[in-house]
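Peer 1:
Residue numbers (this note's numbering): 837 to 1112.
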């Protein structure tokens, strides 16, 4: 996924090309003729021979399949992402990627569309003030039903750059849950979609997103580059926020500070960005 940049600016997205696998097999049974016993009491034994032709797996799929999948992704709207999600296999990398996109857009809204170009690899291109930036998508896989399961962005596999429905961490009546995380390609920005629940009965909280930090045990700490979403959490309510950091790896800690709305109390929660 090309990186989200500043609050409510375009979330760059990526996609993947689809490779269909169709198995064709033919079984030919060759059966010998039955013969009656001769007068000399000798007989002929019938032998049945079964041969199986090798399975043929095509190496290409119709271009229209990839065009359909990536044209939806390039539109960068929630409705288009839902249509693309219907083309992805459940519990697959492709499905997780689209779930992350929909989660991000549920906070930041629909984004300016990209332009789809080419095929194998497909490219989604964005025109800047002076340059055009494109991301390529290839190495597609599908399941037996022809639904997309995985892909690469700019030649990089994304299966180990995604977490969906991750850990949760709680303190003093506040719970931060990881909806999704994606380490973008190619610049390794850490993009997090989190749900924040305020279980307190009569106290509203403020999320100090501008002071959030991503702490990677190997790469160090990264300050936030963008925080999007409602930072006021009323009693017994849950809000969703989008955090973007310059870098980091999966397995680090998202550290989010909070204050009560009257500024009488402060707390912070550290959420490990990983699957539960």
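Backbone N, C-alpha and C define an ideal beta-carbon position, used for all residues, glycine too.
Starting from residue 914, follow the beta strand (DSSP E) in both directions and report where the run begins and ends.
Peer 2: That residue, residue 914, is in no beta strand (DSSP E); its alpha helix (DSSP H) goes 914 to 921.
Peer 1: Counting C-beta neighbours from all protein chains within 10 Å, is the total for residue 971 16 or more, i.e. buried, or is it exposed?
Peer 2: Its Cβ being crowded by 16 or more others within 10 Å, residue 971 is buried.
Peer 1: Give the DSSP-derived three-state secondary structure of residue 974 in the structure shown.
Peer 2: Reduced to three states, the DSSP call for residue 974 is strand.
Peer 1: Quick check for students: name the residue ranges of the beta strand (DSSP E) that lie wholly in the region 1033 to 1076, counting only runs of 3 or more.
Peer 2: Complete beta strand (DSSP E) runs here, min 3: 1041 to 1043, 1049 to 1052, 1056 to 1065.
Peer 1: Can you tell me the Cα-Cα spacing of residue 930 and residue 987, whole angstroms?
Peer 2: So the two alpha carbons sit approximately 7 Å from each other.
Peer 1: Would you call residue 922 buried or exposed, if buried means 16 or more other Cβ atoms sit within 10 Å of its Cβ?
Peer 2: Looking at its Cβ environment, which holds fewer than 16 other Cβ atoms inside 10 Å, residue 922 is exposed.
Peer 1: With H, G and I counted as helix, E and B as strand and the rest as coil, what does DSSP make of residue 994?
Peer 2: Residue 994 falls in the coil class under three-state DSSP.
Peer 1: How many Å lie between residue 876 and residue 980 at the Cα?
Peer 2: Confidence at residue 876 is low in this model, with a pLDDT of 44, below 50, so its placement is unreliable and the value that follows should be read with caution. Their backbone Cα atoms lie some 57 Å apart in a straight line.
Peer 1: In three-state DSSP terms, what is residue 1007?
Peer 2: It is a strand residue.
Peer 1: Name the DSSP bridge partner or partners of residue 1105?
Peer 2: Paired residues: 1092.
Peer 1: Comparing C-alpha positions only, which one of 1097, 1021, 1072 sits nearest to residue 1085?
Peer 2: Out of 1097, 1021, 1072, 1021 has the C-alpha closest to the C-alpha of residue 1085.
Peer 1: Kindly indicate which residue of 984, 1069, 1055, 1078 has the alpha-carbon position closest to the one of residue 1030.
Peer 2: When only C-alpha atoms are compared, the closest one is 1078.
Peer 1: Can you give the Cα-Cα distance for residue 1047 and residue 1060, rounded to whole angstroms?
Peer 2: Residue 1047 and residue 1060: Cα-Cα distance of roughly 7 Å.
Peer 1: Taking the alpha helix (DSSP H) that residue 940 falls in, what are its first and last residues?
Peer 2: Run containing residue 940: 929 to 944, per the alpha helix (DSSP H) assignment.
Peer 1: With DSSP as the reference, label residue 986 as helix, strand or coil.
Peer 2: The answer is strand: DSSP assigns residue 986 an E or B state.
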